[in-house]
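As given, the protein sequences belong to chains L and F, one line each in that order.
Residue numbering for the first sequence follows this note's numbering, beginning at 43 and increasing consecutively.
Residue numbering for the second sequence follows this note's numbering, beginning at 43 and increasing consecutively.
Glycine included, every Cβ here is placed at the ideal spot set by N, Cα and C.
Right, one structure below, let's go through it.
There are 2 protein chains.
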Amino acid sequence: MVRVVVLRWGHRAPRDRRVTTHVALTARAFGAEGMILADVRDESVEKSVGKVVRLWGGSFKLEAGVPWRKAVEEWRGKGGLVVHLTAYGEPLTRQLAGKIRRLNKPVMVLVGSQKVPREFFAETVSDFNVSVGSQPHSEVSSLAIFLDRILGEEWLKKEFERARLKIIPQERGKKVLRLEA
Amino acid sequence: MVRVVVLRWGHRAPRDRRVTTHVALTARAFGAEGMILADVRDESVEKSVGKVVRLWGGSFKLEAGVPWRKAVEEWRGKGGLVVHLTAYGEPLTRQLAGKIRRLNKPVMVLVGSQKVPREFFAETVSDFNVSVGSQPHSEVSSLAIFLDRILGEEWLKKEFERARLKIIPQERGKKVLRLEA
Numbered sequence: 043m044v045r046v047v048v049l050r051w052g053h054r055a056p057r058d059r060r061v062t063t064h065v066a067l068t069a070r071a072f073g074a075e076g077m078i079l080a081d082v083r084d085e086s087v088e089k090s091v092g093k094v095v096r097l098w099g100g101s102f103k104l105e106a107g108v109p110w111r112k113a114v115e116e117w118r119g120k121g122g123l124v125v126h127l128t129a130y131g132e133p134l135t136r137q138l139a140g141k142i143r144r145l146n147k148p149v150m151v152l153v154g155s156q157k158v159p160r161e162f163f164a165e166t167v168s169d170f171n172v173s174v175g176s177q178p179h180s181e182v183s184s185l186a187i188f189l190d191r192i193l194g195e196e197w198l199k200k201e202f203e204r205a206r207l208k209i210i211p212q213e214r215g216k217k218v219l220r221l222e223a
Numbered sequence: 043m044v045r046v047v048v049l050r051w052g053h054r055a056p057r058d059r060r061v062t063t064h065v066a067l068t069a070r071a072f073g074a075e076g077m078i079l080a081d082v083r084d085e086s087v088e089k090s091v092g093k094v095v096r097l098w099g100g101s102f103k104l105e106a107g108v109p110w111r112k113a114v115e116e117w118r119g120k121g122g123l124v125v126h127l128t129a130y131g132e133p134l135t136r137q138l139a140g141k142i143r144r145l146n147k148p149v150m151v152l153v154g155s156q157k158v159p160r161e162f163f164a165e166t167v168s169d170f171n172v173s174v175g176s177q178p179h180s181e182v183s184s185l186a187i188f189l190d191r192i193l194g195e196e197w198l199k200k201e202f203e204r205a206r207l208k209i210i211p212q213e214r215g216k217k218v219l220r221l222e223a
């Protein structure tokens, strides 16, 4: 399975708090290994995500405050791919997802919020500009579909180690196991 | 293609405004025909969604303020299916998606926000309780994956009639057609 990290750009507190938290939790649930909250720190987001990791397990890492350019340059320097999710990019067909997977390199996914710098579209930053539908919708949806296509549904069965809470799926009602830490 | 509407439950303004807007725009972009914002009205959400429909086309309808029970009862009364998206439900495998598709009935998707009433899990409300991963993440991601599985990727190619703006996908940069209304 390809290694994926998400880089969240353009976060403004308090306005983007819930959406950025949803981006982070989607990244975690769909199998990314971590998220970088670029350029800023936000205690509220860091706390919410930290609490989920503590209760629900796994080793998802949230790093906040790294300048986006530094994060991208380090990633590329180590041979990683950068994929910029944008409504303007090439459609994420099965073929394109297959092409990205077959490169078999760690992927950094750039997820914007407000209007992103022009530079994000350039070869110096992104290897691919990818759209999940050419309509305005949500960076949360785009990320979910991208991770689903790249990680090949393995994420649905992913187990999170050291979980204190674990849902046992049911047709009706709720069943949650509470485990000793 | 199966007809789908989304019922958004538990919206609290101002806290949920952006996430509810993302739910609505995801519903539209992924091929649902409309969304019901249950029990409350929120001018800010209605305006944002209305603006997207005016500029980007299509006939997506947002209805706000209908009591959830009335909406569900009417839908079921007309023979529609109700699918409740919840982290506690049956995993949305390809088999389950196929089963729902083969019933070939219009689908109402219940999307919660805060903790939902116990009743949502019962046969009197939902035909299926479906989870998109048994982890806490985002109703926006869950809805995107559900619509993707049920509408079979047709949504990626969907054209929106009467659009004033249309993105022409590019490998680099942005290209938007501005059309006469």
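- In the pairwise beta carbon analysis, the stretch 193-201 of chain F is classified as touching the stretch 68-83 of chain F: at least three pairs are separated by under 8 Å.
- At least one beta carbon of chain F lies nearer than 8 Å to the beta carbon of alanine 164/L.
- No Cβ of chain F is located within less than 8 Å of the beta carbon of tryptophan 51/L.
- The CB of arginine 220/L never comes closer than 8 Å to any CB in chain F; the least such distance is about 14 Å.
- Taking 8 Å as the cut-off, the Cβ atoms of alanine 129/L and isoleucine 209/F count as close.
- Looking at the backbone, the Cα of arginine 60/F and that of glutamate 181/L are separated by about 12 Å.
- In the DSSP annotation of this structure, isoleucine 210/F is not part of any beta strand (DSSP E), being labelled neither H nor E.
- According to DSSP, arginine 50/F shares a beta bridge with Leu79/F, Val153/F.
- Within chain F, not a single residue places a beta-carbon under 7 Å from that of histidine 126/L; the smallest gap is close to 10 Å.
- For valine 151/F, the number of other beta carbons within 10 angstroms of its own is at least 16, and it is reported as buried.
- With a threshold of 8 Å between beta carbons, asparagine 146/F makes no contact with chain L.
- The count of Cβ pairs closer than 8 Å, one atom from the stretch 161-169 of chain L and one from the stretch 106-124 of chain L, reaches three, so the stretches are in contact.
- Counting along the chain, no alpha helix (DSSP H) covers serine 176/L, and no H or E run does either.
- For glutamine 212/L, at least one C-beta of chain F is nearer than 8 Å to its own C-beta.
- For arginine 60/L, the residues of chain F that pass the 8 Å Cβ criterion are Arg57, Asp58, Arg60, Val61, in the order they occur in the chain.
- Look at serine 183/F: its C-beta is under 8 Å from a C-beta on chain L.
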